[in-house]
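Residues 17 to 160, numbered by our numbering, are exactly what the sequence shown covers, in order.
Beta carbons: idealized from backbone N, C-alpha and C, even for Gly.
Since the model is a prediction, treat every value here as computed from it, not as a measurement.
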Amino acid sequence: MPHFNPVPVSNKKFVFDDFILNMDGSLLRSEKKVNIPPKEYAVLVILLEAAGEIVSKNTLLDQVWGDAEVNEESLTRCIYALRRILSEDKEHRYIETLYGQGYRFNRPVVVVSPPAPQPTTHTLAILPFRCRIRFNPRVCITLS
Numbered sequence: 017m018p019h020f021n022p023v024p025v026s027n028k029k030f031v032f033d034d035f036i037l038n039m040d041g042s043l044l045r046s047e048k049k050v051n052i053p054p055k056e057y058a059v060l061v062i063l064l065e066a067a068g069e070i071v072s073k074n075t076l077l078d079q080v081w082g083d084a085e086v087n088e089e090s091l092t093r094c095i096y097a098l099r100r101i102l103s104e105d106k107e108h109r110y111i112e113t114l115y116g117q118g119y120r121f122n123r124p125v126v127v128v129s130p131p132a133p134q135p136t137t138h139t140l141a142i143l144p145f146r147c148r149i150r151f152n153p154r155v156c157i158t159l160s
């Protein structure tokens, strides 16, 4: 499975509660920047992409760590750190652990994408003109 690449591929944003996750790697809470390390960012993007769906531990390990030698404890620590970054408490649970299955982001998520650029067309207008100065029969300069 390919390694997760956190380089932005679009300008879309994930909005949930008072958070905005931008594809440039930044996380905002109430318009204030929140520090999020690269692995936690990558896990959060995958969970938000699948919002409401279960993402298996193996999928997260494969996509975030790639072929690196890593065990489930690394993912567990990453989820723990992500929960702290999101300031989870009993009333605000963002990431649900489904034992033996994986994890699920269980809050409403809105994906905001900028409008697709409209194709531009160029028009060339050729208008009639009157020749006012003649230097020779083949050259005409118009002054308008």
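Burial state of residue 58, where buried means 16 or more other Cβ atoms lie within 10 Å: Taking a 10 Å sphere around the C-beta of residue 58, we find 16 or more other C-beta atoms and assign the residue as buried.
CA nearest to the CA of residue 125, picked from 40, 108, 68 and 87: Each of 40, 108, 68 and 87 was checked against the Cα of residue 125, and the nearest Cα belongs to 68.
Pick out whichever of 110, 102 and 136 has its Cα sitting closest to the Cα of residue 50. Looking at 110, 102 and 136, the one whose alpha-carbon comes closest to that of residue 50 is 102.
Throw me the rounded Cβ distance for the residue 111 and residue 76 pair, which I believe falls under 8 Å. Not really, about 11 Å apart at Cβ, beyond 8 Å.
Please say whether residue 73 and residue 91 have beta carbons closer to each other than 8 Å? Using a Cβ distance threshold of 8 Å, residue 91 and residue 73 count as a contacting pair.
Among residues of its own chain, excluding the 5 on either side of residue 45, which ones have a beta-carbon nearer than 7 Å to its beta-carbon? 34 and 35.
Local conformation of residue 123 per DSSP, three classes: In this structure, residue 123 counts as coil in the three-state DSSP scheme.
Roughly how many angstroms lie between the CA atoms of residue 123 and residue 61, to the nearest whole one? In a straight line, the C-alpha of residue 123 is about 14 Å away from that of residue 61.
Inspect the beta-carbon positions of residue 28 and residue 128 and report whether they are closer than 8 Å. Yes.
On a CA-only basis, which of 65, 120 and 30 is nearest residue 4? Give me that one, please. Since the first residue shown for the chain is 17 and the last is 160, residue 4 is missing from the structure and cannot be characterised.
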